[in-house]
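Everything below concerns the one structure shown next.
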Amino acid sequence: MSDEGAQALAGLMAEGVPRLSGIELPAPEPAPIARSFQADEWPAGEPRFDPATTADIQGNVIPGFNKDHQRFLFLRIDDLEGARAWLRWLAPRLSSMQEVLDFRREFRRERLRTGAREPTTNATWVAFALSAPAVAKLLGDDALAEMSDEAFRQGLAARSTYLGDPADPAAPGHRDRWRVGGERTEADFLVTVAADSAVDAEAEASAILEGAARNGVSVVFAQAGENLPGNLGGHEHFGFKDGVSQPGVRGATADGELLAPRYLDPRNPHARIFGKAGQPLVWPGQFVLGMPRQNPADPLLPAVDDGVFPDWARLGSYLVCRRLAQDVPAFWDFAATASAEYGTDPVHFASLMVGRWPSGAPVSRTPNRDDLDLAGDEFAHNHFQFDDDTRAWTPVPSLVAGGYRGDGHSKARADVFGDTCPMAGHIRKVNPRDSGTDFGAPADTMMRLMLRRGIPYGPVLAGVADPSPELVAAERGLMFVAHMASIEDQFEFVTRRWANSAHQPNAGGHDPVIGQADVYGARDRSFDVRTSSGQSRTFILDREWVTPTGGGYFFAPAISAVGGHLAAAGISTAEHPDAGRG
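Sequential numbering from 24 applies to the sequence shown in the working numbering.
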């Protein structure tokens, strides 16, 4: 690694991002927020998740596990009847939407009561998903044909080059070289274990693997995921804050708790579209089958879910898992070389490629330097647009009463030509926000959003001064995990049509972080940056620092389907293993 790149990498996050000192979120009970709307006004029309629904949807779909320690278990069916028995054993261990919501609600109460920044009680959660081959094995080919998502039916390996992965079998990212998910290593099941401690995660993963082995389900591959330590918590291995711009899910539980709390004063017209400033509200059918979907013509009105799926798949969600190796030295070497040519420093140039500074502060709001205070303000760090000036917003009274002084940070200005945030900056490529795209008006972008549940794997290199050669050479990367209602229209659309294109959603080059080959298979990539004089400068992306090394397309069914429909056939001949959470 070059001296300049090494110095930039070692200096990342020497200071921690401050939290909103003294500011607490409104009380977990939603009534104070909900009552700020008139009784006959929105959001009354949003879907209500009744108790049966919240007990059935898996908790990593909504609201997401978000634990520091996770284990990904890729499993294969060796004995069909044993696998069905194992599913009946596994189903009670799966964590529901309600279980995760209850834990978060109690933690919010604890924060209000004691000021605690971390939960004092621990939880271990489990999620399950199955691949298309597993659907065929358990239910038959006709049942698989009823799943309308062609990408799911074909699988990730078959779609690999379609996504831009290398077509050359000798290339590191070719599917034949994957650790899991290739022709001979495709998994039937993916079990995710998430916990507050590594010990708890390992214990639950071991129990699941032991139960699987007793019942003819073998492990193909296992991967540990860990939140990065210290000031790099919540960051990925290049050193940048990850997962900042998650969408909010419309709807409320039966007791009135909004899934995405509303923090904008309802007199602001944007309160109908955003939960927090910059957090778009998306109808739940974009992530869960059978729920009201996003309407491309009007984001305030739901569309009927016209998806084609069998009844057992209702309340389930498609899951994309990609094991992505990250070449951290190569990324920062490129940033150092390009920044010298451009006339800036490596951190600034790398931030232009990402669209955010390492702290998570958007370059659109702070073009010339990182701003830790802005990064730590969760009501401001995602509040910006690309085509229009970003306007001030007024918080709900309960947020003000809690001590929030308002968004006083510098505002983002209209950036139609990419003078501040390059058109091909990663966050602009995958989420054009208010920009019109090659596929329609800005409302179409909301159709492409996903619920991301990823976590890093491997030893941290960012922030380490004078790392050993062994540490530099160690494998590290991201377990990319995302939930959606359509793999084709969400994950594959964003990957193929936008990240891999130099001209879409707008011209300006390829996504420099995840972009690969275009639709013709060409792996020549470029990244355009505007100079202070308004001229466009093109940098050739001669290296790929993100390499696919495995994964799969899966489906996360409702919990009742796991122990019910999927496990039902042959129940009289299956040996039932020990039940419970021993």
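Backbone N, C-alpha and C fix where the C-beta goes; we use that ideal spot for every residue, glycine too. The structure displayed is predicted, hence computed values, not measured ones.
According to DSSP, which residues form a beta bridge with residue i?
i: Gly532; result: Phe550
i: Ala245; result: Leu96
i: Gln81; result: Ser119
i: Ala275; result: Arg71, Leu281
i: Ile563; result: Ser549
i: Phe175; result: BP columns for Phe175 are empty, so no partner.
i: Gly574; result: Arg345
i: Phe263; result: Partner(s): none; Phe263 has no beta bridge.
i: His258; result: Lys264
i: Val569; result: Gln349
i: Glu148; result: For the record, residue 148 in the displayed sequence is Trp; it is not Glu. According to DSSP, Trp148 bridges with Ala217.
i: Leu103; result: Looking at the DSSP assignment, Leu103 forms no beta bridge with any residue, so it has no partner.
i: Ala579; result: Ser340
i: Val240; result: Ile100
i: Arg475; result: Ala505
i: Leu153; result: Phe212, Phe578
i: Pro418; result: Leu287
Quick one: using the 10 Å Cβ neighbour count with 16 as the cut-off for buried, is residue i buried or exposed?
i: Ala681; result: This structure leaves residue 681 out entirely; the chain is present only between 24 and 605.
i: Ala62; result: In this prediction, Ala62 scores a pLDDT of 37, lower than 50, which makes its location untrustworthy; the coordinate-derived value is nonetheless stated afterwards. The residue is exposed, with fewer than 16 neighbouring Cβ atoms inside 10 Å.
i: Phe297; result: buried
i: Ala361; result: buried
i: His192; result: Here the sequence assigns Pro to residue 192, which means His is not the residue at that position. Exposed, by the Cβ-count rule.
i: Pro571; result: buried
i: Pro617; result: Outside the shown range of the chain (24 to 605) lies residue 617, about which nothing can therefore be said.
i: Arg428; result: exposed
i: Asn405; result: buried
i: Leu312; result: buried
i: Pro55; result: Here the model assigns Pro55 a pLDDT of 39, short of 50, so the residue's position is not dependable and the matter cannot be decided.
i: Asp430; result: buried
i: Ile563; result: exposed
i: Arg566; result: exposed
i: Pro69; result: In the sequence as presented, Pro is not what sits at residue 69; that position holds Glu. With 16 or more Cβ atoms within 10 Å of its Cβ, Glu69 is classed as buried.
i: Ser387; result: buried
i: Ala545; result: exposed
i: Tyr543; result: exposed
i: Ser229; result: exposed
i: Arg499; result: buried
i: Gly82; result: buried
i: Glu626; result: Nothing in the structure corresponds to residue 626, since the chain is present only between 24 and 605.
i: Ala579; result: buried
i: Pro445; result: buried
i: Thr413; result: buried
i: Pro479; result: buried
i: Ala525; result: buried
i: Leu153; result: buried
i: Pro292; result: exposed
Contact check, residue i vs residue j under 8 angstroms by CB: the rounded distance?
i: Asp79; j: Ser119; result: 7 angstroms
i: Gly262; j: Ala37; result: Going by Cβ atoms, the distance from Gly262 to Ala37 rounds to 11 angstroms, so no, they are not a contact pair.
i: Gln527; j: Asp461; result: 4 angstroms
i: Ala114; j: Val585; result: 4 angstroms
i: Met170; j: Ala336; result: 7 angstroms
i: Asp410; j: Val439; result: 5 angstroms
i: Glu233; j: Val149; result: At roughly 14 angstroms, the Cβ-Cβ gap does not stay under 8 angstroms, so Glu233 and Val149 are not in contact.
i: Ala157; j: Ile231; result: Ala157 to Ile231, Cβ: 16 angstroms. No contact.
i: Leu606; j: Val351; result: Only positions 24 to 605 of the chain appear in this structure, which leaves residue 606 out of reach.
i: Ala283; j: Asp73; result: Actually they do not touch by this definition, with Cβ atoms about 18 angstroms apart.
i: Phe407; j: Pro390; result: Not a contact, Cβ separation roughly 11 angstroms.
i: Leu474; j: Phe310; result: 5 angstroms
Kindly indicate if chain D contains any beta-carbon less than 9 angstroms away from that of residue i.
i: Asn405; result: Here there is only one protein chain, and chain D is not present.
Can you give, in chain order, each stretch of the beta strand (DSSP E) that sits fully within the stretch 278-360 and has at least 3 residues? Assignment of beta strand (DSSP E) within the stretch 278-360, counting only whole runs of 3 or more residues, yields 340-349 in chain order.
Taking the runs of the beta strand (DSSP E) that are 3 residues or longer, which of them lie wholly in the stretch 479-546? Complete beta strand (DSSP E) runs here, min 3: 500-507.
Does the stretch 290-307 come into contact with the stretch 323-343, if we say contact requires no fewer than three beta-carbon pairs (one atom in each stretch) closer than 8 angstroms? With a cut-off of 8 angstroms on Cβ pairs, the stretch 290-307 is in contact with the stretch 323-343, counting three or more such pairs.
Assess, as a yes-or-no matter, whether the stretch 214-231 is touched by the stretch 189-205 under the definition of 3 or more beta carbon pairs within less than 8 angstroms. Here the stretch 189-205 does not lie against the stretch 214-231, with fewer than 3 beta-carbon pairs under 8 angstroms apart.
Which runs of the beta strand (DSSP E) spanning at least 3 residues fall entirely within the stretch 156-220, listed in chain order? Within the stretch 156-220, the complete beta strand (DSSP E) runs of at least 3 residues are 212-218.
Below 8 angstroms, how does it come out for the stretch 353-367 and the stretch 246-259: are there three or more Cβ pairs, yes or no? Cβ pair count under 8 angstroms is below three, so no.
Tell me whether the stretch 265-278 and the stretch 302-319 touch, counting them as touching only if at least three CB pairs, one residue from each stretch, are closer than 8 angstroms. Yes, they touch.
Is it the case that the stretch 377-384 contacts the stretch 441-451, given that we only count it when at least three CB pairs across the two stretches are under 8 angstroms? Touching, yes, given that three or more Cβ pairs across the two stretches are closer than 8 angstroms.
Validate contact between the stretch 573-590 and the stretch 162-182 using beta carbons, cut 8 angstroms, 3 pairs: Enough Cβ pairs lie closer than 8 angstroms, so yes.
Would you be able to state if there are at least three C-beta pairs under 8 angstroms between the stretch 118-132 and the stretch 168-184? With a cut-off of 8 angstroms on Cβ pairs, the stretch 168-184 is not in contact with the stretch 118-132, counting fewer than three such pairs.
What alpha helix (DSSP H) runs, 4 residues minimum, are completely inside the stretch 365-415? The qualifying runs are 369-377, 395-399.
Taking 8 angstroms as the threshold, find out whether the stretch 338-345 comes into contact with the stretch 519-534 through three or more Cβ pairs. In short, these stretches do not touch, since the Cβ pair count stays below three.
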